[in-house]
Amino acid sequence: MVSRLLELFIASEEDSNAKLVIVKGKGRAFCAGGDVVAVVRDTTEGNWKLGAHFYWNEYILNYMMATYSKTQVSILDGIVMGSGAGASIHGRFRVATENSVFAMPETALGIFPDVGASYFLSRLPGFFGEYVGLTGARLDGAEMLACGLATHFVPTMRLPSLEAALFKVNTSDPAVVSAIIDEFSQQPHLKDKSTYHRLDIIDKCFSSRTVEEILSALEREAINEVDDWIPSTIQSLKKASPMSLKISLRSIREGRLKGVRQCLVQDYRICCHVLRSEVSKDFFEGCRAILLDKDQNPKWEPSKLELISDDMVDRYFSKVEYDEWEDLKLPARPNLPASAIAKL
Amino acid sequence: MESSSSSSTDRITWRASVLTRHLNEPSSSSSPRPLESSICMQFSPPELSEKFDFDVIEMRKLMDGHNFQDRDWLFGLMIQSKLFCPKDSGGKVFVSPDYNQSMEQQREMTMKRIAYMLDRGVFQGWLTGRGVETEMQKFAFFEVIGIYDHSLAVKLGVHFFLWGGAIQFFGTKRHHVKWLKDTENYSIKGCFAMSELGHGSNVRGIETITTYDSATGEFVINTPCESAQKYWIGGAAKLNINGSNQGVHAFIAQIRDADGNICPNIRIADCGHKIGLNGVDNGRIWFDNVRVPRENLLNSVADVSPDGQYMSAIKDPDQRFAAFLAPLTSGRVTIAVSAIYSSKISLAIALRYSLTRRAFSVSPNEPEVLLLDYPSHQRRLLPLLAKTSNLIGLGLEVAHIVEFLNETSCCSEIFLSYLCYRYAMSFAANYLKRIYVKRTPEANKTIHVVSSSFKATFTWHNMRTLQECREACGGQGLKTENRVGHMKGEYDVQSTFEGDNNVLMQQVSKALLGEYIASQRRKKPFKGLGLEHMNDPCPVIPATLTSSTLRSRQFQTDIFCLRERDLLNRFAAEVSQHQAQGERKEYAFILSYQLAEDLGRAFSERAIFQAFIESEVTLSSGPEKSMLSLLRSMYALITLEEDASFLRYGYLSTDNASSVRKEVTKLCGELRPHALSLVSSFGIPDAFLSPIAFNWIEANSWSSVQH
Numbered sequence: 001m002v003s004r005l006l007e008l009f010i011a012s013e014e015d016s017n018a019k020l021v022i023v024k025g026k027g028r029a030f031c032a033g034g035d036v037v038a039v040v041r042d043t044t045e046g047n048w049k050l051g052a053h054f055y056w057n058e059y060i061l062n063y064m065m066a067t068y069s070k071t072q073v074s075i076l077d078g079i080v081m082g083s084g085a086g087a088s089i090h091g092r093f094r095v096a097t098e099n100s101v102f103a104m105p106e107t108a109l110g111i112f113p114d115v116g117a118s119y120f121l122s123r124l125p126g127f128f129g130e131y132v133g134l135t136g137a138r139l140d141g142a143e144m145l146a147c148g149l150a151t152h153f154v155p156t157m158r159l160p161s162l163e164a165a166l167f168k169v170n171t172s173d174p175a176v177v178s179a180i181i182d183e184f185s186q187q188p189h190l191k192d193k194s195t196y197h198r199l200d201i202i203d204k205c206f207s208s209r210t211v212e213e214i215l216s217a218l219e220r221e222a223i224n225e226v227d228d229w230i231p232s233t234i235q236s237l238k239k240a241s242p243m244s245l246k247i248s249l250r251s252i253r254e255g256r257l258k259g260v261r262q263c264l265v266q267d268y269r270i271c272c273h274v275l276r277s278e279v280s281k282d283f284f285e286g287c288r289a290i291l292l293d294k295d296q297n298p299k300w301e302p303s304k305l306e307l308i309s310d311d312m313v314d315r316y317f318s319k320v321e322y323d324e325w326e327d328l329k330l331p332a333r334p335n336l337p338a339s340a341i342a343k344l
Numbered sequence: 001m002e003s004s005s006s007s008s009t010d011r012i013t014w015r016a017s018v019l020t021r022h023l024n025e026p027s028s029s030s031s032p033r034p035l036e037s038s039i040c041m042q043f044s045p046p047e048l049s050e051k052f053d054f055d056v057i058e059m060r061k062l063m064d065g066h067n068f069q070d071r072d073w074l075f076g077l078m079i080q081s082k083l084f085c086p087k088d089s090g091g092k093v094f095v096s097p098d099y100n101q102s103m104e105q106q107r108e109m110t111m112k113r114i115a116y117m118l119d120r121g122v123f124q125g126w127l128t129g130r131g132v133e134t135e136m137q138k139f140a141f142f143e144v145i146g147i148y149d150h151s152l153a154v155k156l157g158v159h160f161f162l163w164g165g166a167i168q169f170f171g172t173k174r175h176h177v178k179w180l181k182d183t184e185n186y187s188i189k190g191c192f193a194m195s196e197l198g199h200g201s202n203v204r205g206i207e208t209i210t211t212y213d214s215a216t217g218e219f220v221i222n223t224p225c226e227s228a229q230k231y232w233i234g235g236a237a238k239l240n241i242n243g244s245n246q247g248v249h250a251f252i253a254q255i256r257d258a259d260g261n262i263c264p265n266i267r268i269a270d271c272g273h274k275i276g277l278n279g280v281d282n283g284r285i286w287f288d289n290v291r292v293p294r295e296n297l298l299n300s301v302a303d304v305s306p307d308g309q310y311m312s313a314i315k316d317p318d319q320r321f322a323a324f325l326a327p328l329t330s331g332r333v334t335i336a337v338s339a340i341y342s343s344k345i346s347l348a349i350a351l352r353y354s355l356t357r358r359a360f361s362v363s364p365n366e367p368e369v370l371l372l373d374y375p376s377h378q379r380r381l382l383p384l385l386a387k388t389s390n391l392i393g394l395g396l397e398v399a400h401i402v403e404f405l406n407e408t409s410c411c412s413e414i415f416l417s418y419l420c421y422r423y424a425m426s427f428a429a430n431y432l433k434r435i436y437v438k439r440t441p442e443a444n445k446t447i448h449v450v451s452s453s454f455k456a457t458f459t460w461h462n463m464r465t466l467q468e469c470r471e472a473c474g475g476q477g478l479k480t481e482n483r484v485g486h487m488k489g490e491y492d493v494q495s496t497f498e499g500d501n502n503v504l505m506q507q508v509s510k511a512l513l514g515e516y517i518a519s520q521r522r523k524k525p526f527k528g529l530g531l532e533h534m535n536d537p538c539p540v541i542p543a544t545l546t547s548s549t550l551r552s553r554q555f556q557t558d559i560f561c562l563r564e565r566d567l568l569n570r571f572a573a574e575v576s577q578h579q580a581q582g583e584r585k586e587y588a589f590i591l592s593y594q595l596a597e598d599l600g601r602a603f604s605e606r607a608i609f610q611a612f613i614e615s616e617v618t619l620s621s622g623p624e625k626s627m628l629s630l631l632r633s634m635y636a637l638i639t640l641e642e643d644a645s646f647l648r649y650g651y652l653s654t655d656n657a658s659s660v661r662k663e664v665t666k667l668c669g670e671l672r673p674h675a676l677s678l679v680s681s682f683g684i685p686d687a688f689l690s691p692i693a694f695n696w697i698e699a700n701s702w703s704s705v706q707h
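Protein chains in written order, with the UniProt record's numbering: chain D, 1 to 344; chain C, 1 to 707.
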């Protein structure tokens, strides 16, 4: 799937007849994520490099989208999770609908928000990105538009006419494309219970220096709050893999100072360490508990945040010590937008 | 002739095509048309063309030295908050204060930013924490804050390092308990009132008078004349509490009440608008019979008993005075470091710009030449880069100084607790006093000399770098949003505060002379301040200098040591000659100012060079290490070229001097391909650079104008 998409993207970039690319899902999801089970199977059969190869291609696809010279319009009429986010958010336009459900649920699976999420999550307002990345919170279309994950909100029933209009104009000019989507757009209302109304508390707590401090900040806030939003946020953090939380926070924090390119290179490093289970096997345990056995009861190891040293986290960000291993090599791109360049 | 005529034909064709394009523009269209990129100059990110031969992240770690994640966290806190004025330009977000605001607004914003960071625990442990780890984290945060805005750093420096430091160093337990926690969480705001209108660097000359009234057990503080008004007091215009230092004594006096009203018998005025640092409220203070309780004397070094008896464990007033300058020392360390970060920002911006901006073609049909491909441009910027990179060693040096400071403060702490029970535990106290008198002044001297010389050298280097970078950016360097030019005003003060640079450098030479005389008198080898090389035989410089000799660590070390050694000998001889002619020692010293300046410079540069070598040898072979040795050679040779002493006193022959010059040009060429990776290693996040460091065409396009 990833390789096929990559091929199509490369081909359409070279094809002068192709002006813009519309990416949409079939059925009730845009894309609910990568085939983690297959990766786990390959890796447990002793071949972590097969899994690494899969992610290598996926990250190249993410990079192609982030630096694409034509205009990508992703229609997010359904579930957008994990790899699905990677295949859309890096593109130019993201159209949300009333059916959109966005989430980066990786920490509950024992992994981390990859596919360059450290780039786009870290650029959401305030510390909303930390909140979304660590808790795996689900966002609806209105919230996606409000925080900037989506660029437009179009009701589902208008999608066919939107596609027809885009097809008709057949241009790469982003200003023109944007104007057309605008014609079909609507300003959705945030629900009363939307977490986006909680930005103040989110900023206050999720700006803390460490995961532990984020948790204690939330616990302090819980004393003054009556509703169940804070307790459920605390709950989702406590259910997640402690190692995943630590890696994810560091990745988002570092990603904030990096370009897409460096974020993806970093994701690939972390990903290889995860597959090689050098420090923790949480990925495999998470997949067992959530996707295979479905007992919903993963036994994380290390089991507590305080059992994880800085050195253990450092490992995930270092080069992999394996003979043939190399850092992710991203292709040279003719069109390098500002977002793709950062030095740190 | 042939080629020139054909190229002039080409030029005509080109002009004609430009004119045709103009003529063919439909003149009726009133809305501006998007410019065609094919006919215009296009921005090409330097990352596309430049190569990265070494690991930038590893190099950054070496340069920043410590607390990387803490730094990144604080950078992120700033970037994500509206208080730090994020601004979109050319597809990137930059944060920088709005310097177009009025002085009052800028000050208000400084306080808001402090409140934001306070709320998020940035200052936790800055005064109540203990240990090297806390100390290093504080340094890291302080550096990051300075990268954003000098006013913000200075405002915090006054509150934490001067006021807080005074309580820590001069105060005893009762002051610590009462003030430190409240200072750390900003329940009270402090300033440090030492400088006066009539006296700045000469602290001993200050005129404010404090008398003790044993009838009431109070000190009475007075400003006897206009020249005694406290001047430049950071935070004074707004704040509540103030430590005043008379002679060698510091007192705590409240200058504002909890509501911010000025206390009775205090007069306060603003220092007015300045060339920079307008986010800091510098004020002036007059005291009119201000009464403070006896306990408000910061009594770590000397105390006054209720009946008015003066007591001090340190009999020598010079040493007592030195003990009082300890908080200023930590200030000098932070100034020196922040000067380096300022240079890094400007160099990163100017170099990135010169890797994307072109000017003039060598021949008419060729593309214009990239600024950094001009050897002259390389010569302007790359040595500065080498010098700045060379200050890598500072990371280590600062760590040493911090250790010293900790030692001193621990030592004085133990000493102090004994001082309190002085009479009761006289034996123990006497024992400790001896240790204190023996050890602390030594540590103090090293700290004082090294921090003074580094503070002066780095801040001078910074101002030079800023000016060079400003010019290298051309007109763009004049825009405040591009930081480089503006920073000149912001950082100029560094050569004056916490000790005028020239005065500091004279003190360095004086200290070196002291070592020299002491060693001669006692017939003992030199020990400390890195002067041990004076005990070895005088190094010999080869008659002809080949390229490989010039780049060898041995030669570079030798010539740096030779210069220092010879200048110290000459300086000592000249001063004693003046003395032999009947001049007093102090005046003899003043007369020999030229040699004193040369010597001060020789000492600093040798110390920096050695610090550099120390960090170079810790690396195992690899691309980072080769890069460091290239930079080390650049630093050494550019020093040889720039200091006239080498020719004046004949350490270099004129032939050798010209070999040095040729080698510098070669080194520039060798460093050129690495320029981008070198500035990338500075670890300044993009958001803290400026639009000309990135896509400056897009940043200046019509569509970016607020319509």
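Ideal Cβ placement from N, Cα and C applies to all residues, glycine included.
With 16 other Cβ atoms within 10 Å as the buried cut-off, status of residue i
i: Phe360 of chain C; result: exposed
i: Glu326 of chain D; result: exposed
i: Gln235 of chain D; result: exposed
i: Gly622 of chain C; result: exposed
i: Lys304 of chain D; result: exposed
i: Ser677 of chain C; result: buried
i: Lys193 of chain D; result: exposed
i: Met1 of chain D; result: exposed
i: Asp686 of chain C; result: buried
i: Phe688 of chain C; result: buried
i: Ser703 of chain C; result: exposed
i: Ala228 of chain C; result: buried
i: Ile223 of chain D; result: exposed
i: Lys189 of chain C; result: buried
Candidates the options, of which the one nearest residue i by Cα
i: Ala657 of chain C; options: C:Asp55, C:Ser227, C:Pro542, C:Ile697; result: C:Pro542
i: His273 of chain C; options: C:Ser96, C:Gln106, C:Asp119; result: C:Gln106
i: Gly530 of chain C; options: C:Asn67, C:Ala511, C:Leu545; result: C:Ala511
i: Cys272 of chain D; options: D:Arg41, D:Leu218, D:His53; result: D:His53
According to DSSP, residues forming a beta bridge with residue i
i: Val484 of chain C; result: DSSP lists no partner for Val484 of chain C.
i: His273 of chain C; result: BP columns for His273 of chain C are empty, so no partner.
i: His152 of chain D; result: D:Val95
i: Gly283 of chain C; result: C:Ile233, C:Asp270
Proximity test, residue i beta-carbon vs the ligand HEM heavy atom, cut-off 6 Å
i: Thr544 of chain C; result: Because no ligand of any kind appears in the structure shown, any question about the ligand HEM cannot be addressed here.
Rounded Cβ spacing between residue i and residue j (contact assumed at less than 8 Å)
i: Arg158 of chain D; j: Val101 of chain D; result: Actually they do not touch by this definition, with Cβ atoms about 19 Å apart.
i: Asp77 of chain D; j: Lys24 of chain D; result: 7 Å
Contact set between residue i and chain E, taken where Cβ atoms lie within less than 8 Å
i: Ser16 of chain D; result: This model lacks chain E altogether; the protein chains it does include are D and C.
* To do: Please name the residues in the segment 176-193 of chain D whose beta-carbon is closer than 7 Å to at least one beta-carbon of chain C, in chain order.
  => none
* Report the residues of the segment 106-130 of chain D with a CB closer than 7 Å to any CB of chain C, ordered along the chain. => Under the 7 Å Cβ criterion, the segment 106-130 of chain D contributes Gly126, Phe127.
* Asked: In the segment 564-595 of chain C, which residues sit with their C-beta less than 8 Å from some C-beta in chain D, listed in chain order?
  -> none
* Residues within the segment 58-77 of chain C neighbouring chain D, beta-carbon criterion of under 8 Å -> Arg60, Gln69, Asp70, Asp72, Trp73, Phe75, Gly76, Leu77
* Asked: Going along the segment 229-258 of chain D in order, which residues come within less than 8 Å of chain C, judged by CB to CB distance?
  -> Taken in chain order, the members of the segment 229-258 of chain D whose beta-carbon sits within less than 8 Å of a beta-carbon on chain C are Arg250, Arg253, Glu254, Arg256, Leu257.
* Give, in chain order, every residue of the segment 311-330 of chain D whose Cβ lies closer than 7 Å to some Cβ of chain C. => none
* To do: Compile a chain-ordered list of the residues in the segment 206-231 of chain D whose CB is closer than 8 Å to at least one CB of chain C.
  => Within the segment 206-231 of chain D, the residues whose Cβ lies closer than 8 Å to some Cβ of chain C are Ser207, Ser208, Arg209, Glu213, listed in chain order.
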